[in-house]
Structures are given as structure tokens and as C-alpha cells.
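Peer 1: Mind looking over this structure? Questions follow.
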Amino acid sequence: MMIFDIPLLKIEQEKRLVVGRAVQEVTDRSGEILDYESAKPAFAEWSKSFSDSTNGLSKGNIRVMHNPKAVAGKVVDISYNDQEKAIDIVAKIVDDQEWRKVEEGVYTGFSVGGSYAKKWTDPSTGSTRYTPKVVEVSLVDRPCIQTCRIIELHKVDGSIEEIFVNPVARSYSEIRPAPRTYSSIIVPRTYSQIVPRRPA
0 MMIFDIPLLK IEQEKRLVVG RAVQEVTDRS GEILDYESAK PAFAEWSKSF SDSTNGLSKG
60 NIRVMHNPKA VAGKVVDISY NDQEKAIDIV AKIVDDQEWR KVEEGVYTGF SVGGSYAKKW
120 TDPSTGSTRY TPKVVEVSLV DRPCIQTCRI IELHKVDGSI EEIFVNPVAR SYSEIRPAPR
180 TYSSIIVPRT YSQIVPRRPA
């Protein structure tokens, strides 16, 4: 199984929403580079398969440390950033125990599990590029991009608790001035909201 790690970017406590980067066209720990243009349809296909099978309730599966039996929640939004050659996701964490680990900073990033759909050598740089076959996204305790291990807890009272990193407290706003908005996650839906109850 091939694994891609990425950091959590923002956490909204009230709705248990976690915003993070799924993948980006940068050199990873193993010296390989994800090919963004071919990764976009791969992620779209993965997300659509979940959306189709759940009647739009889920746009992807969220697991824990790549354990196929440990399901923490679901993807409620996915965003393709062509300028930064990156794919961001919003996950809703429904498992109480896993959410506490997010709040405590035990999980600091997302990791995409899957395999290679395609792998080749870039003739212009000599680096290895790949197209992923996405199987799942997991909460993980150690993201691959260590310089981006920064999260914020957005609490119900509106306060923001900064997490200390190496060992200076830093905020997400220091590395990204304008956070994105995700219109489709204003009200995450449940099964009971889209499937009418049958009469007794």
C-alpha cells in the first residue's frame, strides 16, 4: 500500500470539522512527486464513488492510521486548488474517541492510503512522478510534511487555541493569510434528513 501524509490545517470544534490538505505536487519523503493533473480525476473518482453509494452523505472515507476496521468519519467537502497544485478536504469526525485525539493534537495530519495507478520518470527533472489510486484517507499522528505541522482548535465560544510547534506557538494564519470557505459544509446532512421515514 502506498501512503501520502499531509497536515491538518484547521479544526472547527462545534461541528467536528477538520480542514486539511490531502495531496500537493511537492517532493515527498521518499523523493517522489505526485502529478497533480492526473491526481485530480483519481480523487474525483474516489469521492464520486462514495457520494453515489451514500446518496450524497459522504464524499470519502476517513479512517484511523490506515486501519481498515477503524472508521473515524467522512469527507464532507473536497476542493481542487489549481494554483497551488493541491487538493484539500474537509472531514467530519463522528467517533468520540478519535475526535478527542484530534483536539489533543494526537493526530496532526491526514494521510492518503492507496497504490500507484501510474509511475514514471520526469524527463525534464529526472524525478519520479506518480498518479495515485486513492483507497482511503486516514487521521495520522505524524504527517510527512513536518514544517506544516500546525493546527488550530476553533472552539464553540469563538476562541482559537494555538498549538505549540518546535516549541513556538504558531497559528494557521501565519502560513496562509486567507482561509478558504467551503459552502457545502454549512449544514452536514444525515441519512434521516434525506430519506423519509416509512409509516408504521
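Residue numbers (numbering that gives the first Met the number 0): 0 to 199.
Glycine included, each C-beta is placed from N, C-alpha and C at the ideal position.
Leaving out five residues on either side along the sequence, give the residues of the same chain with a beta carbon under 7 Å from the beta carbon of Ala-69.
Peer 2: Arg-62, Val-63
Peer 1: Answer yes if the region 27-36 comes into contact with the region 44-59, meaning at least three C-beta pairs across the two stretches below 8 Å, and no otherwise.
Peer 2: no
Peer 1: Nearest CA to the CA of Lys-84: which residue from Ala-38, Trp-98, Lys-47, Ser-126?
Peer 2: Ala-38
Peer 1: Suppose contacts are defined by Cβ-Cβ distances below 7 Å. Is Val-89 in contact with Gly-112 by that definition?
Peer 2: Going by C-beta atoms, Val-89 is not nearer than 7 Å to Gly-112.
Peer 1: Can you tell which of Glu-103, Thr-120, Lys-117 has the C-alpha that lies nearest to the C-alpha of Val-139?
Peer 2: Glu-103
Peer 1: What number of angstroms, rounded off, separates the C-alpha of Gln-82 from the C-alpha of Gly-125?
Peer 2: Rounded to the nearest whole angstrom, the CA to CA distance from Gln-82 to Gly-125 is 23 Å.
Peer 1: Which residues does DSSP list as the beta-bridge partners of Lys-14?
Peer 2: DSSP lists no partner for Lys-14.
Peer 1: Report the residue ranges of all alpha helix (DSSP H) runs contained in full by the region 41-73; include only those spanning at least 4 residues, in chain order.
Peer 2: none
Peer 1: As a quick exercise: from Val-18, Phe-42, Arg-15, Val-17, pick the residue whose alpha carbon is nearest that of Tyr-115.
Peer 2: Phe-42
Peer 1: Please state if the CB of Thr-130 and the CB of Thr-120 are separated by a distance shorter than 7 Å.
Peer 2: no
Peer 1: Among Arg-141, Val-18, Ser-137, which one has its Cα closest to the Cα of Ile-77?
Peer 2: For Ile-77, the closest C-alpha among the options Arg-141, Val-18, Ser-137 is that of Val-18.
Peer 1: For Asp-121, which three-state DSSP category applies?
Peer 2: coil
Peer 1: Between Lys-14, Val-22, Arg-15, which lies nearest to Phe-109 when the distance is taken from Cα to Cα?
Peer 2: Val-22
Peer 1: Span of the alpha helix (DSSP H) holding Lys-84?
Peer 2: No alpha helix (DSSP H) contains Lys-84, which DSSP labels as neither H nor E.
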